[in-house]
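Residue numbers (my numbering): 6 to 304.
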């Protein structure tokens, strides 16, 4: 983790750009969700950090495959197929509706027949993509900084993931909360929640401890690392956390271990600080939740 790439990222300085970026990523994510075979816990839905930004990875079609990448160095979206063809869509101060139309046209050109639910999912906009002329803020230097931050954090999450031999998700970027996350599973089913919507019932069908990073939202208006256990064990907040700046907080009524990004970037060894945070918050959930750690962890 290169400390020089952990630049300051106050949410207030680029909040409109972040929403615009998230809306475009939601469109691409919905395309992947529609075309890709279903995977447990919606693992066919997220994007992944790439050397240049964010990517869907390979998406199978009836013939061949495509991928879609947000190139946040040159600020464009590339749609590529197995025939070596590529269509590029520029990013910038352009309304969401233009991006949506150009992406759908590119997919049609590549024979990717897809119709998505054309409205945002659980974010600060409810305007249908094809009608959205209002969201067009694009601070290119801020987006480039954000991409560099993700490229520094993602390998540390992968290192943390490598310590676990139980079922574990990839390190991936969910576009509804716009968070980079990795999730460990105990192997036991979660509590039955018939009152929940199908999205949450599938996501939390089994016990999890999930850790990750988001740039901030309405509940946590600054960049933050987090970890939560589901279902939340009794008295989990009595467990110690590391490093010293980590703390327990409440997010939407659930106990979360939290570490401010600003505190991490000030540390002499931010990589070790992040590993300590993820390990201590995982241990808190695994201990209080009665996970069989001897079978699940790689020493």
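We put the CB at the ideal spot given by N, CA and C, even for glycine.
Remark: C-beta atoms of residue 130 and residue 28 approach each other more closely than 8 angstroms. Counting along the chain, residue 22 sits inside the alpha helix (DSSP H) bounded by residues 20 to 40. Partner residues in the beta bridge of residue 216, as assigned by DSSP, are 187 and 232. In this structure, residue 57 lies near residue 76, with their beta-carbon atoms less than 8 angstroms apart.
Within the same chain, 6, 7, 10 and 11 come within 7 angstroms of residue 157 by CB-CB distance, once the 5 residues on both sides are set aside. Taking the Cα of residue 159 as reference, the smallest distance to any Cα among 55, 45 and 145 is reached at 55.
A direct Cα-Cα distance of roughly 6 angstroms separates residue 93 from residue 84. Taking a cut-off of 8 angstroms on C-beta distances, the segment 134 to 143 does not touch the segment 255 to 264, as fewer than three cross pairs fall below it. Contact between the segment 227 to 242 and the segment 164 to 180 is not established, with fewer than three Cβ pairs separated by less than 8 angstroms. Taking a contact to require three or more Cβ pairs closer than 8 angstroms, the segment 167 to 179 and the segment 87 to 101 do not qualify as touching. Residue 274 carries a coil assignment under DSSP once its states are collapsed to helix, strand and coil.
Setting aside the 5 residues that flank it on each side, residue 207 is surrounded in the same chain by 45, 46 and 47, each with a C-beta closer than 8 angstroms to its C-beta; the list follows chain order. In the pairwise beta carbon analysis, the segment 232 to 246 is classified as touching the segment 285 to 295: at least three pairs are separated by under 8 angstroms.
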